[in-house]
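Heads up, the sequence shown is in numbering that gives the first Met the number 0, so the first residue is 0 and it goes up one at a time. All C-beta atoms, glycine included, are put in the ideal place defined by N, C-alpha and C. Nothing here was measured: the structure is a model prediction, and the numbers come from that model.
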Amino acid sequence: MPKLKKPISTEQRIIARQEMFELLDAGELTIGQAIRRMRREWTGLSQSRFGKIAGLSANTISAIERDANHATARTLNQILGTFGMSLTIRPKAAPNIAQNTPTKRHQ
């Protein structure tokens with residue numbers, strides 16, 4: 000079993016949070032990977048200890064972190080709530096219409 004790191008500082012967490020959001024938005028990080036990163040780097044807690052805080056089993060935490068579990072929004076919100084976050088739905092960024100629209104040439 001790997002030894003967990005000491006939790007990062009508040010300043011480091013702010014930077015890590017922004018980086019994580021960017022990776023999630025780019026599709027380079029799954030929700031499970033993000034949860035694992037937050038649990039390990041931000042809290043330094045084991046899956047068992049974190050699961051007790053979140054009200055879930057260590058097996059559930061493990062499966063979600065491995066993206067092996069089709070977690071419900073409720074379960075994800077239980078986990079994310081421990082970090083002061085919630086699962087949200089938002090529109091994808093709209094494409095730049097000006098760049099994608101052919102221009103008419105005046106003759």
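Check your understanding: Three-state secondary structure (DSSP) at D66?
Key -> coil
Practice item. Measure from the alpha carbon of G31 to the alpha carbon of each residue in S85, L75, A57 and G83, then state which is nearest. Key: L75
Review point. Can the beta-carbon of L44 be found less than 8 angstroms from the beta-carbon of R38?
Key: Contact flag set, yes.
Point to revise | Exposed unless 16 or more other CB atoms sit within 10 angstroms - verdict on A92 | key: exposed
Practice item. Scan the stretch 7-41 and note each continuous alpha helix (DSSP H) run of 4 residues or more that stays entirely inside, going in chain order. Key: 9-24 and 30-36
Exercise for review: Decide if the stretch 16-33 is in contact with the stretch 63-77; the criterion is three or more beta carbon pairs, one per stretch, under 8 angstroms apart.
Suggested key: yes
Practice item. Take S61 and list the residues in its own chain whose beta-carbon comes closer than 6 angstroms to its own, dropping the five residues that flank it on each side. Key: Around S61: Q46.
**Study point:** Exposed unless 16 or more other CB atoms sit within 10 angstroms - verdict on I63
**Key:** buried
Practice item. Quick one: grab the DSSP three-state call for K51. Key: helix
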